Structure formats: C-alpha cells, structure tokens
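S.K.: Residue numbers (our numbering), protein chains in the order written: chain A, 12 to 309; chain B, 105 to 344. Here it is, the structure, as structure tokens.
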Amino acid sequence: MSILQDLIFDYTLRNVALGCMVLGIVSGVLGSFAVLRRQGLLGDALAHAALPGVCVAFILTGLKTPVALMIGAAASGWIGLLAINQLLRRSKIDSGAALGTILTVFFGFGVVLLTVIQKSSAGTQAGLDKFLFGQAAGLVEEQVLTMAILSAIALAIVVALFKEFKVVSFDSEFAQSIAIPVHLIGSILSFLLLIAIVVGLNTVGVVLVSAMLVGPGAAARQWTDSLKTMIFIAALIGTLSGLTGAILSVTGSKIPTGPVIVLVLSAMVLISVLFGKARGVVWAALRSRRRHLAESAK
Amino acid sequence: MNAVEVRDLTVAYHESPVLWDVDLDIPQASLFAIIGPNGAGKSTLIKSALDLVPRSAGTVRIFGSSYRTVRKRVGYVPQRGSVDWDFPTDALDVVLMGTYGRLGWFRKPGRGERDAAMRCLETVGMADFATRQISQLSGGQQQRVFLARALAQDAELYFMDEPLAGVDATTERAVIEVLRELRSKGKTVVAVHHDLESAPTYFDHVALLNVKIIASGPIADVFTNENLQQTYGGRIAVLA
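Quick look at the structure:
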C-alpha cells in the first residue's frame, strides 16, 4: 500500500513514475511503426544526433529552462535526419552505414561539447551523466507536463493519420500509387519518433532511449498479428516497464532510473520472445513437437 | 481513345538506360501483356506510367491526360515480393487499403468500405480467408489478396506486375477469370507476364519489350517467331 500512496503523494516518485509512463506510451506507439518499417536503428541514430543540440542549448540557456534543452535536442536530431537522407540520396552508402556515420559524428561532437560544459562552473553542478543517461529522479512537474503535452500531440497525429501510416509502412509503392505523399508521411513518422526521443531525454537519456523505441514494439509483435493490438500492447509494455523501473529505482537502492527501466523492458522482451502467443519460440517449438509426435504415431 | 499512350519514353538508372525510346498504345477494354526477358524493363515500364520512377524523357498519357489527374481511375498490383508479408494484418485489412485512395485524408474505412472489400475477396475466391494473418496465406492466396485490393480501388485501368508469377493452378484460373470479367466490363488490364506459352490464350494484346519495344499490337499479329527471337536475343527454342 505504501508504494501506492507514495505514487500519489510523494512528489518525486509521482513525477518520476508519470514521466516514465508517458515515455513508455509514446515510445511504444511510435517505436512500433519504426520496428515494422525496419527502422529500429533510426531511433538510435536520431537520439545520439540529439546530443549536440542539448549541449548547445545548455551552454546558451543553462539548466533552468528544460524546454530549451528539448528544443535543442529536436533541432539537432532533425539535422541528423536530414543528413542521413542526403547521404542516402546522394551517395551509394547503404542505410546501415549512413545511420552509423551520422550517429557517431553527431555523438562525437556532442561529447566534445560536453567536455566544454564540464570545464565551465555550471557543468560541474549539472553532472555529465545526466545528458547521457537521463536523470529521472530530478524530473520536475514542468518537465513532466511538457512531456505529456508533446506525447498527447504525437498520439493525436497517430490516430488522425493511422491508415496512412499503416499503408505506407506495409506497401509504400502502392501507397504512392493511390496519391498518398509517401515521403511526407515518412517525414512525419520520423518527426514523431524524434518527439518520443525528446520525451525520453530527461528520463533515460540519449544513449538508452533507443531501447524504449525498439523494445516495446518488438515484444508486442510476439503477442498479436493485428497492428492496432500490437500498438496497444507496445504502449502497455512501455508503460509497465516505465512504472516498474521508476518504483524500483526510487524506492530501492540508488540505481539510476533509466538503466533500470531498460533492464525491466529487456526482461519483458525476453519473456515475449519466448512465450508470446502469436510467435513465441516456446509455443512454436511445442507446436512442431506435437505435430511431429502426431505424425510418428500414425 | 487509347487507355494508355506512351511516347518517346526513356528511363535510366545511374545513366544506363532501362527503357529506351518506348512508344506504346494500349487500347481500352484490352487485356494487354508486357513480355520480355529479365532486365528488359517490364516492371519499370509500369512504374514509370504510375510516376513511381522518374522518366528521363518522354510522356505517358492515361485516358488522354496526365497520370496525376486520372489517378483515381487507375489501379495497381505490385509484385508480390515487394512487401513484407510478415506485417501484422489480415487479408481483409489489406484489401481495405484499396479504398484508402478515395477516402482521402483523416477518414477511416467504415461499413460500406468493409462490405466492398469483402465482395472483392469473394470475387477472387478468398472470402473464407478474410481474417487470416497474411503470412499464413500461400503465395497464390497472397497474390489473390493483392488482386482483390486492386479491385477495391474500383478503377478503369489496372497495371499488374507479374500477377501470375509462381502461383498455383487455382489462383491462375481465378486471376484469369477476374481479368476477363474486367475486360467484359470495358476495363483495361496491363500485366507483366513471363510465360510465353499461356500468353496467347490469356491476353489479346501484347508488347514485346527488351529495353526497346520490339513489336506491339494484337497478339495474333505480334507473336511471331521472328519477333520473339528478336526480343529474347535468339535464346529461346522456337515455338511449335
């Protein structure tokens, strides 16, 4: 009972839990599309590409305006996305190499900026790991509110454009032939992915946020063969791992929240891959064994 | 008026031409086959008509207008292998996508669309598989789902990329029956086809393509040994 009470009345735990759950929902939904479009790594690249933007925003405004850090992250993530698209269009580099290149270049630049920040006085107070791994325990109400509003906007767009997202993800050539602007829809999906990353920035940080984007979708796919159900389950898994991670890290030891959330999520992915109703490894093995036995009994 | 008129069409990827100076007239209410060896540019011809690949030169007129303005009257069946059949969706849902074009932005398919999609599944003999996850369908059944989706577009002209490639006999019969029915309703079907033997029984018009058009017109006039040898570069046994 006491945890439940703390969840409602304890300022810190409430903020952390709400922030992590909001992240779980939005990253579960947007990550589902990324997984289905085989763009799991895009989230990772965009998250790393967000780091220099966070640093620049910090240098310019300091810690007092968390929204500025979010805007900086989004802007530099978007520049990273444009750079990836230009590389793919103008060179013969394949998408894996293009993502890897942009990810490392931007992240390297971000780390250089981090060093600059560390040498300044403000940086010593901020702590660099906050930028890399998030600092959910330090979430304030204003941040949680911003995260919730951003997520609500992103989810509203998903609802409004659901059929466009679906047909573009399944069969983009056909989508183009029925006059759906495939490139625009792709850009909107990438932009929403970026929103999910920005939401995750304070909670799990740029390094681990990609787990939140890939994990829930990959796990949810094991339980269902319907896109809508998959997205709901992904949101649920994201929320549950966010909540569990928040409780574990705040109430128990002093383990940072982000890594705990990712570990909880990873456990859920593992369970899903093994026992998922639609395509879990264990059920598939049992089914084929039963078939085998039935055949040999004949 | 012809359903499709292609003039001086050239398409090139990385500077080597895939289609070279193609001229083609496709009459309305015809079943029109595009035939040629691998790498002849058959799929590219269809895709460039649909504005899916950029043209280096030339024009394509559909019903006398540009594709953009008559888009809603044109249906498309892509190659079966072009999508991920592991996508979490069922047969009916894929067919429903055929109605998205006329629904427009923000509107969701409703009862009317579902009924229409169901009728299209019936037409191709797939009504019993409406709620089947698409990865659990055989190749031929998947092809029929794609055909049903095109029917749901309710178009007047259909482009089909290899609708009979690697399908079972049941599917082949079902597809051909649907194509003939479309023709009897005055609709036009342009299909990439790979089987020389069945082409004259299934189609009434043909274009022989190998980067350039070798010959095109009514199949009885065009399907000569000389033309076929020229198309395939003398690499096929002479037809009986």
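We put the beta carbon where it would ideally sit given N, CA and C, even for glycine. Quantities reported herein were computed from a predicted structural model and do not represent experimental measurements.
Rounded to the nearest angstrom, how far is the Cβ of residue 247 of chain B from that of residue 274 of chain B, given a contact under 8 Å?
M.R.: Not quite, the Cβ-Cβ distance comes to about 11 Å (not below 8 Å), so this is no contact.
S.K.: Answer yes or no: does any C-beta atom of chain A fall closer than 9 Å to that of residue 246 of chain B?
M.R.: No, residue 246 of chain B lies away from the interface with chain A (no Cβ there is under 9 Å from its Cβ).
S.K.: Looking at the secondary structure, which residues open and close the alpha helix (DSSP H) in which residue 120 of chain A lies?
M.R.: Residues 106 to 130.
S.K.: Taking residue 264 of chain B as part of the beta strand (DSSP E), name the residues at either end of that continuous run.
M.R.: From DSSP, the beta strand (DSSP E) with residue 264 of chain B extends over 261 to 264.
S.K.: What are the start and end residues of each continuous alpha helix (DSSP H) run of 4 or more residues lying completely inside the segment 121 to 196 of chain B, in chain order?
M.R.: You should have 146 to 153 and 171 to 174.
S.K.: Per DSSP, residue 117 of chain B is paired with what?
M.R.: Beta-bridge pairing links residue 117 of chain B to B:120.
S.K.: Does the Cβ of residue 286 of chain A have 16 or more other Cβ atoms within 10 Å, making it buried, or fewer, making it exposed?
M.R.: Burial call: exposed.
S.K.: Within the chosen definition, does the segment 239 to 247 of chain A reach the segment 201 to 219 of chain A through at least 3 CB pairs nearer than 8 Å?
M.R.: Counting Cβ pairs under 8 Å, fewer than three are found: no touch.
S.K.: Near residue 104 of chain A, which residues of its chain fall below 6 Å by C-beta distance, leaving aside the five closest residues on each side in sequence?
M.R.: Within the same chain, residue 104 of chain A has close Cβ partners 98.
S.K.: Would you kindly work out how many angstroms separate the C-alpha atoms of residue 94 of chain B and residue 52 of chain A, rounded to a whole number?
M.R.: The structure shown does not extend to residue 94 of chain B, since chain B is modelled only from 105 through 344, so no value can be given for it.
S.K.: In this structure, what does DSSP give as the bridge partners for residue 245 of chain B?
M.R.: Per DSSP, none; premise fails for residue 245 of chain B.
S.K.: Looking at C-alpha atoms only, which residue of A:236, A:206, A:234 and A:66 is the closest neighbour of residue 128 of chain A?
M.R.: If we check each option's Cα against that of residue 128 of chain A, A:66 comes out closest.
S.K.: Between residue 182 of chain A and residue 192 of chain B, how many whole angstroms is the CB-CB distance? I'm expecting something under 8 Å.
M.R.: With a Cβ gap of about 14 Å, residue 182 of chain A and residue 192 of chain B do not count as contacting.
S.K.: Is there a C-beta anywhere in chain A that falls below 9 Å from the one on residue 148 of chain B?
M.R.: With 9 Å as the cut-off, residue 148 of chain B does not count as an interface residue toward chain A.
S.K.: I'd like to know whether the C-beta of residue 344 of chain B is nearer than 9 Å to at least one C-beta of chain A.
M.R.: For residue 344 of chain B, the predicted model reports a pLDDT of 41, less than 50, meaning its position is unreliable; a value from the coordinates is still stated below. No, residue 344 of chain B lies away from the interface with chain A (no Cβ there is under 9 Å from its Cβ).
S.K.: Does the CB of residue 177 of chain A have a neighbour CB from chain B at under 9 Å?
M.R.: True, the Cβ-Cβ gap to chain B drops below 9 Å.
S.K.: Just reading off the alpha helix (DSSP H) that residue 284 of chain A is part of, what are its end residues?
M.R.: 268 to 286 is the span of the alpha helix (DSSP H), which, as asked, contains residue 284 of chain A.
S.K.: Using a threshold of 8 Å, is the CB atom of residue 291 of chain B nearer than that to any non-hydrogen atom of the ligand NAP?
M.R.: Ligands displayed in this structure: none; no statement on the ligand NAP is therefore possible.
S.K.: Answer yes if the segment 224 to 233 of chain A comes into contact with the segment 104 to 119 of chain A, meaning at least three C-beta pairs across the two stretches below 8 Å, and no otherwise.
M.R.: No contact exists between the segment 104 to 119 of chain A and the segment 224 to 233 of chain A.
S.K.: Select from B:158, B:118 and B:137 the residue whose C-alpha is nearest the C-alpha of residue 263 of chain B.
M.R.: The shortest Cα separation from residue 263 of chain B among B:158, B:118 and B:137 belongs to B:137.
S.K.: Let me check one thing: in DSSP terms, what residues is residue 314 of chain B bridge-paired to?
M.R.: Paired residues: B:316.
S.K.: Within 10 angstroms of its Cβ, does residue 344 of chain B collect 16 or more other Cβ (buried), or is it exposed?
M.R.: At residue 344 of chain B, the pLDDT of 41 sits below 50, so the modelled position is not reliable and the matter cannot be decided from this model.
S.K.: Pick from A:73, A:248 and A:100: whose alpha carbon is nearest that of residue 223 of chain A?
M.R.: Checking every option, the nearest Cα to that of residue 223 of chain A belongs to A:248.
S.K.: Can you tell me whether DSSP reads residue 192 of chain A as helix, strand or coil?
M.R.: Coil at residue 192 of chain A, not helix or strand.
S.K.: When you compare the CB of residue 238 of chain A with every CB in chain B, is at least one pair closer than 9 Å?
M.R.: Yes - at least one Cβ of chain B is within 9 Å of the one on residue 238 of chain A.
S.K.: Considering only C-alpha positions, which residue in the set A:168, A:215 and A:191 is nearest to residue 200 of chain A?
M.R.: Comparing Cα-Cα distances from residue 200 of chain A to each of A:168, A:215 and A:191, the minimum goes to A:168.
S.K.: May I ask you to list the residues that DSSP assigns as paired with residue 106 of chain B?
M.R.: According to DSSP, which records beta bridges pairwise, residue 106 of chain B is partnered with B:131.
S.K.: With a threshold of 9 Å between beta-carbons, can residue 187 of chain B be considered close to chain A, or not?
M.R.: Judged by the 9 Å Cβ criterion, residue 187 of chain B is in contact with chain A.
S.K.: Helix, strand or coil: how does DSSP classify residue 344 of chain B here?
M.R.: Any reading at residue 344 of chain B must be qualified, since the residue scores a pLDDT of 41, below 50, and its modelled position is unreliable; the value itself is stated next. It is coil, neither helix nor strand.
S.K.: With a cut-off of 8 Å on the beta carbons, I'd call residue 207 of chain A and residue 78 of chain A a contact; round off their distance for me.
M.R.: Their Cβ separation, rounded to whole angstroms, is 17 Å, which puts residue 207 of chain A and residue 78 of chain A out of contact at 8 Å.
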